[in-house]
Each structure stands twice: as structure tokens, then as C-alpha cells.
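Below is one structure, written out as C-alpha cells; the observations come after it.
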Amino acid sequence: WDGKGAGDGEYTVSVYLRDAAGNEWRSPTSPVKIRTGKASAALLGKSTVFSPARGKAVFQPTIGGGLALDAWVIQVAKDAGMKNIIRGARGTAILPATYDFDGKDEAGKRLPDGSYFLKFQASFAGGESATSHPVEVRIDSTPPKVEITVKPAIFTPDGDGVIDTTTFKPTIVDDGDIAGWTIAIRD
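Taking this note's numbering, the leading residue of the sequence shown gets 285, the next gets one more, and so forth.
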């Protein structure tokens, strides 16, 4: 039986025999599983940059392929080649809903700012395994710096057409992207 036409799932197989004299025999049933999907593993994350002072980077490990999970490993490394492992977690058949990276190493020491890479590997019953692509996350605990230039510094908003307005020009320096900014004028 090549399984064609049958969908993924569990089936049972048994043999029934009857000879010319009418004697019958039936074998015990044996289970067989069909799985047409390929085993896969992925690590999904919403944040590519975070500050450990303000929270954690949250990732969701996911698997596909319809196989029973046997074991899983999540590793954090300083390099995309995953040669310098600085933190990890592992478990058996129950996959965690999320993996929270708090920016610390195995000893609980805060890691320096910079890029880190996470990889998820799943091992399935029957010996198959799948590994996610490395996912980059950046620790950024340095607040942005801003300078503001006001030109002209003195103006006369009296409607006479002479120096009625001024211009505010912020210069922002940050290692990452700026999520938003506001200029407030107060007296």
C-alpha cells in the first residue's frame, strides 16, 4: 500500500484469512501513521530590538509536519553561526507557548548591547528533526540623545512679516530606530 489517496492521520492494518475449508483467522490490528508534511521548526518574534530595563524579547516556537514532539532546544548566541552559545533552554514533549529572552546569560548576568541570535531545534518521535533559521534580536539599553536648534532664537510673531516664525530642528542620535518623538513648547 502506497498510502495514496489517504490523508494524514492514524490508520489500522489487519489481515483476514480464510482457507478453502472455511477456516478463518484475523490478525491483531497494527497502527500505521501517514504524514505527508515535512517536519519544520520556526521561532516567531515581534521585537527585533529591546531594552532589558523595559522588558523582554518574546518569541513563539512553532512546529509543523504532524509528528509527535520528542524534545526541543532553544539557544542564544552572539553569532549567527551559533558557535558561541551564551544561553539556552530545553524540554521534552511539551513545547512552551513562548520563550522570553531577558538579555541575560546563563549565570543571570546582563549581556552588553548588541546583536544576538536565537535558534530553535525540534526532535520528533521516529528520529526526524527540524531547525529554525537563526533569528536576530538586538539589545539596546542606551537612550537616544537629542539636540534642538532654534532659528531664529528670538522672533516676533506680530504679523508684520518680519521674523514672525521660528524653526525647531531636532538632531537625534540613537543606535536604533526612533519609535516616535514630540516637541513640546511651554512657558
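Don't be surprised by glycine CBs; every beta carbon is placed ideally from N, CA and C.
Note that the structure is predicted; figures quoted are calculated from it, not measured.
DSSP places LYS393 in the coil class of the three-state scheme, outside both helix and strand. By the criterion of a C-beta distance shorter than 7 Å, THR450 is surrounded in its chain by VAL434, LYS435, PRO436 and PHE439, once the five residues flanking it on both sides are discounted. For the 8 Å CB-CB criterion, GLN344 and THR382 form a contact.
At a Cβ-Cβ threshold of 8 Å, ASP292 and GLY387 do not count as neighbours. In this structure, the beta-carbon distance from ALA406 to SER399 does not fall below 8 Å. The alpha-carbon separation between ALA463 and ARG422 amounts to approximately 15 Å. A direct Cα-Cα distance of roughly 28 Å separates ILE318 from ILE358.
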